[in-house]
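Here the structure comes first, spelled out in structure tokens, and everything after it is commentary.
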Amino acid sequence: MFYNFTQLYPLNFRYSQMSNPKISPMKKKTTFWSFAILFCFTSLFSNAQNINLSNSPYFDGECNLAVNPKNPKHLVTAWIYFSLSNLKDAIATRSSFDGGKTWTPLQILPHLYSSFNSPDPTIYFGKDSCVYLAYIDISGLHASDSGYIMVARSVNGGINWSTPVKAISYSAQPNLPIDRPWIAADGSNGPYSGRVYVTSQNAYFTPQPHHPWFTYSTDSGATWTPIKRLDDSIPAGVMTDATAFMTVAANGTLYAVYFSYYTAYSPYARLILVKSYDGGNTFITHAAINITSADVIPAADSLLKSGVSISANPADTSNLVITGATNRYGEPDVVTYNTHDAGLTWNGPVRVNDDQMGAYDTCHDLSCGSFAQDGTFGLAWRDRRNTGRGDSASFQIYAAESKNGGDSYGPNFLISDTISPGVLIERGDDFLGCAVSDSGLFVSWSDLRTGKENTFFNATPTAKIPNAIFSVSDNSNVKVEAYPNPFHDETNIVVNASVPLQQCKLEVFSIEGRKVDEVQIPGNGTYKLNLNYLSAGTYIWSLEEKNAAVAHGKWVIQ
């Protein structure tokens with residue numbers, strides 16, 4: 001279950017996950033013209049129509065998705081599926097081998113007992129394209145539960161699965177350490193290649209303190225080590241949701257991140273990074289990111305899912321990105337934090353959604369991200385820029401990509417082809433899946449467009465993903481890039497000329513044609529421009545050499 005930042009500071013600890021949510025009315029209505037603009041935007045930036053993977057008259061949601069790092073057209077997705085055979089929730093999977101155009105028949109994972117329910121699926125590709133799936137199989141939602149975190153393995157791409165194995169038992173530690181599993185696997189060529197890792201937390205309704213728990217398998221998931229705490233150096237403290245989300249770098253380094261609010265060590269809630277160079281035998285702990293009061297999502301927005309994901313760049317083992325949410329810009333926004341030194345220092349938050357900042361008229365949540373093999377980072381999220389304020393407002397799914405390891409993002413683009421009514425589930429239904437390959441960005445999510453929550457899929461080919469370089473070259477010897485775009489205060493101009501440039505300058509004009517700035521550009525290089533003195537709007541820039549334009553483009557300042 002995803003974190004809600006309303007947990008992080010004492011005034012909000014009275015937040016009750018099981019209480020009936022306060023449903024806020026929409027504060028703005030979508031006009032005819034906003035729908036018209038939205039339709040045009042969809043035509044430009046949304047790829048084809050969404051595919052309903054579940055086609056069910058019942059609840060089918062809480063998705064996860066993974067792409068095979070060795071085959072960019074091979075996808076596996078999983079979700080909670082309501083089974084008519086025993087009127088219980090089970091885990092369903094489907095696979096695609098053509099980039100999401102067609103899908104294999106539904107596979108339903110078996111229960112240990114017919115009375116059990118199964119939530120929280122998580123998928124990861126390991127060595128030799130083996131697919132691993134973890135999920136909960138549990139008797140109920142109370143302190144006397146029996147249940148397990150189960151792991152299944154597929155050697156044929158998810159067409160069928162091995163008999164699920166118990167990885168973590170409800171009795172392995174006090175207070176049911178079987179909530180919110182996460183799975184990862186080492187697909188590198190290193191000494192721990194083939195290891196499979198699972199994390200969990202204590203059930204959210206059990207007494208605190210809660211901890212992130214960890215186990216691993218050295219035999220492809222057949223047997224598992226006794227669980228151990230990941231927060232023995234920096235405790236999770238009073239966090240209700242304490243699981244650790246994981247990723248494995250291309251060099252085999254295991255990374256995990258969890259939330260801590262332990263005032264004996266820090267006045268701030270923090271994201272804690274732990275990493276292991278020896279296959280999970282030992283860990284090094286870093287306090288990565290402080291979560292201040294400005295970041296906390298308002299308690300009134302208790303339906304928002306503001307959790308994290310972490311991904312390692314296959315093309316650069318020192319680069320990782322964490323996705324999350326913050327309220328520091330005046331409303332709940334999707335943000336990322338990134339590192340270029342393997343987690344020693346972190347940058348961010350970087351605001352990803354590019355709608356108007358601080359308009360106090362919308363909110364975004366439920367983000368998930370991942371890297372492609374070429375180092376492109378992509379993420380998707382639930383977005384309400386066109387639908388209204390409040391956690392109960394209807395929504396769409398948007399996405400964006402970064403070509404520089406999470407430093408900045410290209411324009412947002414639409415994933416869903418239909419606006420969905422709001423999902424009014426406060427605890428649970430916490431995921432969407434986002435996978436990125438060199439050929440495109442893939443998203444699975446659930447929405448209510450059919451009247452019942454169903455699982456949908458969309459593939460956006462790389463050629464249809466808008467980039468952040470709204471520029472045109474007027475000289476074949478000069479290449480100019482401008483990013484991020486749109487932006488708030490700062491952007492970059494990258495000049496790459498095959499011949500020396502002389503007397504070069506950048507001129508900036510308002511949309512009415514009035515010159516508002518001029519910057520000298522000595523030659524090739526990257527130039528950071530601070531334009532915070534300009535009001536929000538559209539601007540035209542022109543790169544000139546000896547008063548002759550060699551490139552021009554458009555900026556949108558928010």
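Quick note on the numbering used here: the sequence shown kicks off at 1 and runs consecutively.
Glycine included, C-beta positions come from ideal geometry on N, C-alpha and C.
Run of the beta strand (DSSP E) containing residue i, from where it starts to where it stops
i    : result
E545 : G537 to E545
L366 : D365 to F371
K479 : V478 to Y483
G553 : A548 to I557
R382 : F377 to D383
Y216 : P212 to S217
P181 : D179 to A185
P486 : No beta strand (DSSP E) contains P486, which DSSP labels as neither H nor E.
W576 : The question about residue 576 has no answer, for the chain in this structure spans 1 to 558.
V248 : F245 to V248
W445 : G440 to D447
T460 : N454 to P461
A288 : I284 to I291
E426 : No beta strand (DSSP E) contains E426, which DSSP labels as neither H nor E.
Bridge partner(s) assigned by DSSP for residue i
i    : result
M150 : Y135 and K166
N338 : V321 and N347
V516 : None; V516 has no bridge partner.
Y329 : Answer is none; Y329 lacks a bridge partner.
Q107 : T93
T526 : V494
K88  : S83
F259 : L271
I419 : Note: I419 sits in no beta bridge, so no partner.
G61  : I80
Whole-angstrom distance between residue j and residue i, CA atom to CA atom
i    : j    : result
A380 : K464 : 15 Å
E544 : K528 : 18 Å
L441 : N64  : 14 Å
Y15  : L366 : Note on Y15: pLDDT 23, under 50, position unreliable in the model; the coordinate value appears next. Whole-angstrom Cα-Cα distance: 19 Å.
S46  : P411 : Legend: pLDDT at S46 = 44, less than 50; position of this residue unreliable, value from coordinates given subsequently. Roughly 12 Å separates the two Cα atoms.
L424 : D361 : 19 Å
S542 : E481 : 12 Å
D333 : R384 : 10 Å
W213 : H552 : 54 Å
H340 : L320 : 7 Å
F39  : R229 : The pLDDT assigned to F39 is 39, lower than 50, so where the model puts this residue is not dependable; a value taken from the coordinates is nonetheless given after this. Going by the C-alpha atoms only, they are around 49 Å apart.
N251 : D219 : 20 Å
N71  : D128 : 11 Å
T225 : A167 : 8 Å
G388 : S420 : 12 Å
G158 : L531 : 50 Å
A536 : T462 : 30 Å
S276 : R153 : 24 Å
Y533 : D489 : 8 Å
Buried or exposed by the 16-neighbour rule on C-beta atoms within 10 Å, applied to residue i
i    : result
S370 : buried
N290 : exposed
A288 : buried
Q201 : buried
Y204 : buried
V561 : The first residue shown for the chain is 1 and the last is 558, placing residue 561 beyond what the model contains.
S118 : buried
A372 : buried
L344 : exposed
Check whether the stretch 430-442 touches the stretch 73-89, counting contact only when three or more Cβ pairs, one atom from each stretch, lie closer than 8 Å. yes
Could you check whether the stretch 308-316 touches the stretch 347-357, counting it as contact only if at least three pairs of C-beta atoms, one from each stretch, sit closer than 8 Å? no
With contact counted as at least three CB pairs below 8 Å, one residue from each stretch, are the stretch 185-193 and the stretch 232-243 in contact? no
Measuring CB atoms only, is the stretch 172-189 touching the stretch 131-141, in the sense that at least three cross pairs come out at less than 8 Å? yes
For the pair the stretch 502-511 and the stretch 318-332, tell me if three or more CB-CB distances fall below 8 Å. no
For the stretch 449-457 and the stretch 48-62, state whether three or more C-beta atom pairs, one from each stretch, are separated by less than 8 Å. yes
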